[in-house]
Amino acid sequence: MVVPAIFLDFLTSGEDKNLNYQFANFLKFVRVIAVFFATFLPGFYVAITNYHQELIPSELLFAIANAREAIPFPVIFEILIMEISFELIREAGLRVSSSFSTTIGIIGALILGDAAVSASIVSPILIIVVAFTGICGFAVPDFSLTTSIRIYRFAYIISGFLAGFLGIAFTFFVHFIVLCHLTSFGVPFFTPYIPFSNLDRNKGFIMKPVWKRDRRNEFLNTKRPKAEDKISMDWRNLNAKQ
Numbered sequence: 146m147v148v149p150a151i152f153l154d155f156l157t158s159g160e161d162k163n164l165n166y167q168f169a170n171f172l173k174f175v176r177v178i179a180v181f182f183a184t185f186l187p188g189f190y191v192a193i194t195n196y197h198q199e200l201i202p203s204e205l206l207f208a209i210a211n212a213r214e215a216i217p218f219p220v221i222f223e224i225l226i227m228e229i230s231f232e233l234i235r236e237a238g239l240r241v242s243s244s245f246s247t248t249i250g251i252i253g254a255l256i257l258g259d260a261a262v263s264a265s266i267v268s269p270i271l272i273i274v275v276a277f278t279g280i281c282g283f284a285v286p287d288f289s290l291t292t293s294i295r296i297y298r299f300a301y302i303i304s305g306f307l308a309g310f311l312g313i314a315f316t317f318f319v320h321f322i323v324l325c326h327l328t329s330f331g332v333p334f335f336t337p338y339i340p341f342s343n344l345d346r347n348k349g350f351i352m353k354p355v356w357k358r359d360r361r362n363e364f365l366n367t368k369r370p371k372a373e374d375k376i377s378m379d380w381r382n383l384n385a386k387q
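Residue 146 is where the sequence shown starts when you use the working numbering, and the numbers rise one by one after that.
Encoded structure:
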């Protein structure tokens, strides 16, 4: 059966329904943070180091300047090299057998990264930024969302290099407008928040307890809106009668 896919579906993992709803909501919050950093962190790093050095504490600014003192390349060249190298390592790990994928990851992440720092091609702080961005990308549960993040990350890097936070804000504005106009089988991509719908009849970001999931999403337009009886905790009534 084909159903509409909304943004919240890409932040939800298959095992969330089997977990305690408090822990499932915590994991969804962690995934939102992972999506944010996987998308914007490299662009923020480029924008801050090029245009907004006043936002960095003095000690950290001196550490970054000291680390980049021997680097002959601009920041945009460094981060593009590392991002493309990370994508190559990820793709190579997928194309080889599982017995060699771990070896390729170790060689790429440790040996090449350490060699690049020792050869003064990239700075150690940039290695941390790229590695943390990659970890956040792996925390996203849906492959389709991860792929789009990997593409748009380069757009935010370039816009941050060209105009700093102003370029990132403009790119995000265009990106957000495009996403708001997306529909899946006629359903807006950011349902039920844009446009806002009744959260009692549609699932929102916060997962409800299992005894409150008695209705299917209204935007699915199903023939049977009820997934089960309204009172799904009959054992409470039985205890009250006894």
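Glycine included, every Cβ here is placed at the ideal spot set by N, Cα and C.
### Query
If you follow the alpha helix (DSSP H) that H320 is part of, which residue opens it and which one closes it?
Per DSSP, H320 belongs to the alpha helix (DSSP H) from F288 to C325.
### Query
To which residues does DSSP link T328 through a beta bridge?
Residue pairing by DSSP places T328 opposite P333 in a beta bridge.
### Query
Since I339 sits in a beta bridge, which residues does DSSP pair it with?
F335
### Query
Anyone know if the C-beta pair for P408 and L344 falls short of 8 Å?
Since the first residue shown for the chain is 146 and the last is 387, residue 408 is missing from the structure and cannot be characterised.
### Which of helix, strand or coil DSSP assigns to K126
No answer is possible for residue 126: the residues shown for the chain start at 146 and end at 387.
### Message
I'd like the list of long-range same chain contacts for E236, defined as Cβ closer than 7 Å, with 5 residues on each side in sequence excluded.
### Response
none
### Query
Leaving out the 5 sequence neighbours to the left and right, which residues in its chain are closer than 8 Å to F315 when beta-carbon positions are compared?
Closer than 8 Å at the Cβ level, and outside the excluded window around F315, lie S304 and A308.
### Query
Ordered along the chain, which non-local residues of its own chain (more than five positions away) have a Cβ less than 7 Å from that of M146?
Model confidence at M146 stands at a pLDDT of 47, short of 50, so the residue's coordinates are unreliable; what they give is reported in the following sentence. Excluding residues within five positions, none has a Cβ falling inside 7 Å.
### Task
Verify whether the separation of the beta carbon atoms of P354 and Y166 is less than 8 Å.
yes
### Message
Here's a check: name, in chain order, each residue in its chain whose Cβ is nearer than 6 Å to the Cβ of G431, leaving out the five neighbours to either side.
### Response
With the chain covering 146 to 387 only, the question about residue 431 has no answer from this structure.
### Query
For the ligand MG, is there a heavy atom less than 7 Å away from the beta-carbon of M227?
As presented, the structure is devoid of all ligands, the ligand MG included, so that no description of it is given.
### Query
Can you pull the DSSP bridge partners for R360?
K371
### Query
Should N347 go down as buried or exposed, given a rule of 16 or more other Cβ atoms within 10 Å for buried?
buried
### Task
Could you have a look at F218 and say whether DSSP puts it in helix, strand or coil?
coil
### Query
Tell me which same chain residues have a C-beta within less than 8 Å of the C-beta of D161, skipping the five on either side of it?
A169, L172, K173 and M352
### Query
Do S329 and P149 have their CB atoms nearer than 8 Å?
yes
### Message
So, at 6 Å on beta carbons, what are the nonlocal neighbours of Y196 in its own chain, with the 5 sequence-adjacent residues on each side left out?
### Response
G309
### Message
Quick check on DSSP: helix, strand or coil for T157?
### Response
coil
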